[in-house]
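These notes concern the structure reproduced below.
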Amino acid sequence: MNDEQDDQGVSRRRALQVGSAFGAASLAGCLGIFGDDEGADIPSLSEFRGSGSLVDGRPAPGGTSIEELPELSGELALYIGGGEGGIYYEFVEMLQDIYPDFEVYPTDNNSASLAQTIVEEADSGASQADVFWSIDASSLGFVAANDAYEPLSDEAVDAVGNSQFVGDDNAWAGVAGRARAVPYNTNQLSESDVPNTVQDFPNTSALQDSMGWAPTYGAFKSFVTAMRLLRGDDETRNWLRSMKDAGAERYSDEYAVSQAVANGSQSAGFANHYYAMRVKNKRPDAPIDLAFTEGDAGALINVAGALKVQGTQRGDLVDDFVRHLLSAEAQEFFATISFAYPMIDGVDPVGGLPSIGDLSPPEIDLAELANIEPTLELMDDAGVSG
1 MNDEQDDQGV SRRRALQVGS AFGAASLAGC LGIFGDDEGA DIPSLSEFRG SGSLVDGRPA
61 PGGTSIEELP ELSGELALYI GGGEGGIYYE FVEMLQDIYP DFEVYPTDNN SASLAQTIVE
121 EADSGASQAD VFWSIDASSL GFVAANDAYE PLSDEAVDAV GNSQFVGDDN AWAGVAGRAR
181 AVPYNTNQLS ESDVPNTVQD FPNTSALQDS MGWAPTYGAF KSFVTAMRLL RGDDETRNWL
241 RSMKDAGAER YSDEYAVSQA VANGSQSAGF ANHYYAMRVK NKRPDAPIDL AFTEGDAGAL
301 INVAGALKVQ GTQRGDLVDD FVRHLLSAEA QEFFATISFA YPMIDGVDPV GGLPSIGDLS
361 PPEIDLAELA NIEPTLELMD DAGVSG
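Our numbering puts the first residue of the sequence shown at 1, with every later residue one more than the last.
Next up, the structure:
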């Protein structure tokens, strides 16, 4: 960190610190934050927390505990997006264990397909779901734009710390965040080698023939969609072609990109932040760090979130379910198992990451990321599609 960055208080980059910046507070000392509940049998904090070098020694989370929320009782039909949805559903199963009278009936598919299904069912007056848990805001935005939702209560969304992660009219609430980032190999690059805007990447000599990307990956397509919305089609198309000409190497997904960076096969890459964290959690000595660009598509923060489906007869239960997804336990679970950014104040991201408030995302309506067809056409025209 140079003096100018230090004077500003927070650098746009943070080292992936092993352990917590808050010191070695033992987990045993944290377990007392959740008292005994005479009704629900709530597990200890350790049951909601992951493991590994980036998790050990974390302080107890702040926020509202499950024991302070209304108990869940009844049945919910849940449409849950794939990908991270598998990890998220583990938390749903914990809720079912906590509340014997609460039963969730899940339907899983990719988020875009489920969003389309919800809209079609709403149009026919035959909605099958009560709640939609999507891994990205674009699918939530698609449902909201087609008026296939019912607003969540103020109580359900109040815990979200940033209004950017709540849909208009309380259409949806973000429950876990992911930031676009640039993993880079610390043996090959220094912090100053990584530009603070993605537009400068194709012409940066240190990055020629040494960048990895995953153009077929959904998160990358959202990134390109954001660039198209911010910079226009022509500039985005030219950027894609320039990166291809600069030797960007294709990978199947962004975890593979991050592994390649850690292994030294690439000097840097484009990926969601948590893939580097997963590499680092398993390999504490891996020479990988993260850079965050500023105010552009490369700094996009997307969210997984929940939406109340139009026509549900269980609206109050959906509201209480969403409140549980924003509880201290849930946010600690998402932060330490999937390495997502917490959506509530009082829960820290893992490994010394900058807080979500310290990042510089672009001013963009996340719901607009649903308009992906022009992006696919643009990528195909630029020669970087699947």
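The C-beta atom is built at its ideal place from N, Cα and C for all residues, glycine as well. Remember, predicted model here, so these are calculated numbers, not experimental data.
| query | result |
| --- | --- |
| Host beta strand (DSSP E) of R180 (start-end) | 172 to 185 |
| S134 in three-state terms, based on DSSP | strand |
| Nearest residue (CA-CA) to A306, options T186, V157, I42, D56 | V157 |
| Local conformation of D289 per DSSP, three classes | strand |
| When N185, Y149, G346, M94 are compared against F270, the one with the closest alpha-carbon | N185 |
| I66 versus L376 - alpha carbon distance | 42 Å |
| Under the three-state DSSP convention, the category G86 falls into | helix |
| Check whether S360 and G315 have beta carbons under 9 Å apart | no |
| S51 to N281 span [Cα, whole Å] | 9 Å |
| Bridge-paired residues (DSSP) for A159 | BP columns for A159 are empty, so no partner. |
| Segment contact, 8 Å Cβ cut-off, at least three pairs: the segment 98 to 112 with the segment 73 to 81 | yes |
| C-alpha gap between A25 and S139, whole angstroms | Caution is warranted here: a pLDDT of 30 is assigned to A25, below 50, making its placement in the model unreliable, and the coordinate value is therefore given only provisionally. Going from the Cα of A25 to the Cα of S139 covers about 39 Å. |
| A268 to S124 span [Cα, whole Å] | 48 Å |
| Simplified DSSP state of M343, which is helix, strand or coil | coil |
| Inter-stretch contact (C-beta, 8 Å, three-pair minimum) for the segment 239 to 246 and the segment 200 to 214 | yes |
| Neighbourhood of D233 by C-beta, 8 Å cutoff - its chain only, sequence neighbours within 5 removed | P374, L378 |
| Assumed close pair S258, P183 - CB separation to whole angstroms, cut-off 8 Å | 5 Å |
| Pick from A171, L69, P284 that is closest to W133, judged by C-alpha positions | A171 |
| Spatial distance of G29 from D345 (CA atoms) | In this predicted model, G29 has a pLDDT of only 31, less than 50, meaning its place in the structure is not dependable; the value taken from the coordinates is given anyway. One C-alpha to the other measures close to 21 Å. |
| Own chain, CB closer than 6 Å to A148, minus 5 neighbours either side, in chain order | I118, V119, A122, Q310 |
| Helix, strand or coil at P374 [DSSP, three-state] | helix |
| Nearest-angstrom Cα separation, counted from S53 out to E249 | 30 Å |
| Unbroken stretches of the beta strand (DSSP E), 3 residues or longer, contained in the segment 39 to 123 | 74 to 81, 102 to 109 |
| Inter-stretch contact at 8 Å, needing at least 3 Cβ pairs: the segment 82 to 97 / the segment 319 to 336 | yes |
| Burial state of N187, where buried means 16 or more other Cβ atoms lie within 10 Å | exposed |
| Minimum Cβ-Cβ distance from N238 to chain D less than 9 Å | Absent from the structure: chain D. Only one protein chain is present. |
| Contacts around I364, its chain only, beta-carbon distance under 8 Å, and the 5 residues preceding and following it disregarded | A226, L229, L230, L300 |
| Delimiting residues of the alpha helix (DSSP H) encompassing L317 | 315 to 325 |
| CB contact flag (A297, V224, <9 Å) | yes |
| E235 - DSSP class collapsed to helix/strand/coil | helix |
| Proximity winner among Q96, E235, M243, relative to P43 (alpha-carbon distances) | Q96 |
| Buried versus exposed, by CB contacts within 10 Å (16 or more), T336 | buried |
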